[in-house]
Amino acid sequence: DRRVESIEVANKSGKMTLCAKYFIDATGDGDLCHLAGFPMRLGREPDHLCQPMTLCFRLSGIDADAFYAEYPKMQTLYKEFREKGKIKNPREDILTFRPLTDGVIHFNSTRIVKRNPTDAFDLTAAELDARRQVLELFRFLKENFASCKHAHLLSTATEIGVRESRMACGEYILTEEDLKACKKFPDAVAYGNYDIDIHNPEGSGTSHYYFKEGEYYTIPYRSLIPKEAKNLLVAGRCISATHEAQASIRIMPIVTCIGEAAGTAAALAAKENLPVAEISVPALREALYTAGALTHTLD
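In this note's numbering, the protein residues as written are -12 to 286.
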């Protein structure tokens, strides 16, 4: 009987055991699923490398118009510096987002490759390497471009961002082919159309597959159920999907919808005292539609 009875956690009060009738693994890394002994996959096949980790950061004291006027020159010089070994960051270009407030530019430009996001030592090394890359890029911009002459390092993310790690082996594995075919599953509980956005796990380069306007794929409830699980669901980027499919479903708007579906499914299972795989899918979809989590019924 593949049933989770309790979990042991450590917090400010020390160690404690939490019991529940149903559990949802929304750790991102599939920690609960993994520790409970359910089969998981790490990264891509066959080498299990994961998409790079990134530490985002923000610079202040920048005139945005002047900055983006210099942007093409920044990209050219950045590539020259990389080719000469003056910049160690393997990312192929500088990726920024226009200011959320005056004078502040957001950077998504660090790239940590060939590190395992589920290993504590690799995570520590990734944090250190990423902060070196932040300072490297900050100095590059400040020393070479007038728009950044008075820039300050305003902030870095609280921790490094993980794009991919463990994924559950579920009752259904969502694939790249499913996404490109815009497959409409009868047990769909979430929709998506973010591009299949794969940052090279080995170094430079990022590939994209963009959906046409109006196209979208669906995510089946079965991808939220670890194989043979009775009272455990997964939500977020660790659902059952291939490396390529996960590259699209991993973003926050989509995983939010997956989380809504998992929570609703667990509530229905608890109400009927049923294994998670045996709940009424039409009832689940109707509940999500009523709550506004699904925009239409696919009928």
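Heads up, the beta-carbon is just placed ideally off N, CA and C, and yes, glycines get one too.
So what's Val91 in DSSP terms, helix, strand or just coil?
Taking the sequence shown and counting its residues from 1, the one referred to as residue 91 is at position 104. It is coil, neither helix nor strand.
So, are the CB atoms of Ile183 and Leu166 less than 8 Å apart?
-> Within the sequence shown, residue 183 is the residue found at index 196, counting from 1. Within the sequence shown, residue 166 is the residue found at index 179, counting from 1. In contact: Ile183 and Leu166 (Cβ atoms closer than 8 Å).
Nonlocal neighbours in the same chain, by C-beta distance under 8 Å from Ala270, ignoring five residues either side: Counting from 1 along the sequence shown, the entry for residue 270 is found at position 283. Result list for Ala270: Leu255, in chain order.
**Message:** So, at 7 Å on beta carbons, what are the nonlocal neighbours of Glu215 in its own chain, with the 5 sequence-adjacent residues on each side left out?
**Reply:** Locating residue 215 in the sequence shown gives position 228, counting from the first residue. For Glu215, where only same-chain residues beyond five positions count, the Cβ hits under 7 Å are Arg(-11).
Quiz item: Out of Arg69, Ala280, Asp109 and Ser152, which has the shortest C-alpha to C-alpha gap to Thr229?
Solution: Along the sequence shown, read from residue 1 onward, the residue named residue 229 stands at position 242. That would be Ser152, whose Cα lies nearest to the Cα of Thr229.
**OP:** Tell me whether Tyr197 is buried or exposed, calling it buried when 16 or more other Cβ atoms sit within 10 Å of its Cβ.
**Re:** The sequence position of residue 197 within the sequence shown is 210, counting from 1. With fewer than 16 Cβ atoms within 10 Å of its Cβ, Tyr197 is classed as exposed.
- Item | Alpha-carbon spacing of Gln62 relative to Ile81, whole angstroms | For the purposes of this step, residue 62 is taken as residue 75 along the sequence shown, with counting starting at 1. For the purposes of this step, residue 81 is taken as residue 94 along the sequence shown, with counting starting at 1. Looking at the two C-alpha atoms, the distance is approximately 6 Å.
**Asked** Should the segment 237 to 244 be called in touch with the segment 174 to 182, which here means at least 3 C-beta pairs below 8 Å?
**Response** yes
Tell me the DSSP secondary structure of Asn187 in three-state form. As a working mapping, residue 187 is identified with position 200 in the sequence shown. Coil at Asn187, not helix or strand.
_Measuring straight from C-alpha to C-alpha, what distance separates Pro39 and Lys73?_
Walking along the sequence shown from the start, residue 39 turns up at place 52. Walking along the sequence shown from the start, residue 73 turns up at place 86. Distance between the alpha carbons of Pro39 and Lys73: 21 Å.
Going by DSSP in three states, Thr145 sits in which element: helix, strand or coil? Within the sequence shown, the letter at position 158 stands for residue 145. Residue state, collapsed to three classes: coil.
List the DSSP bridge partners of Met3. Translated into positions along the sequence shown, residue 3 becomes position 16. Paired residues: Val(-4).
Fill in: Neighbourhood of Lys2 by C-beta distance below 8 Å, restricted to the same chain and skipping five residues each side
Mapped onto the sequence shown, residue 2 falls at position 15. Once the five neighbours on either side are set aside, the close Cβ partners of Lys2 are Glu(-5) and Val(-4).
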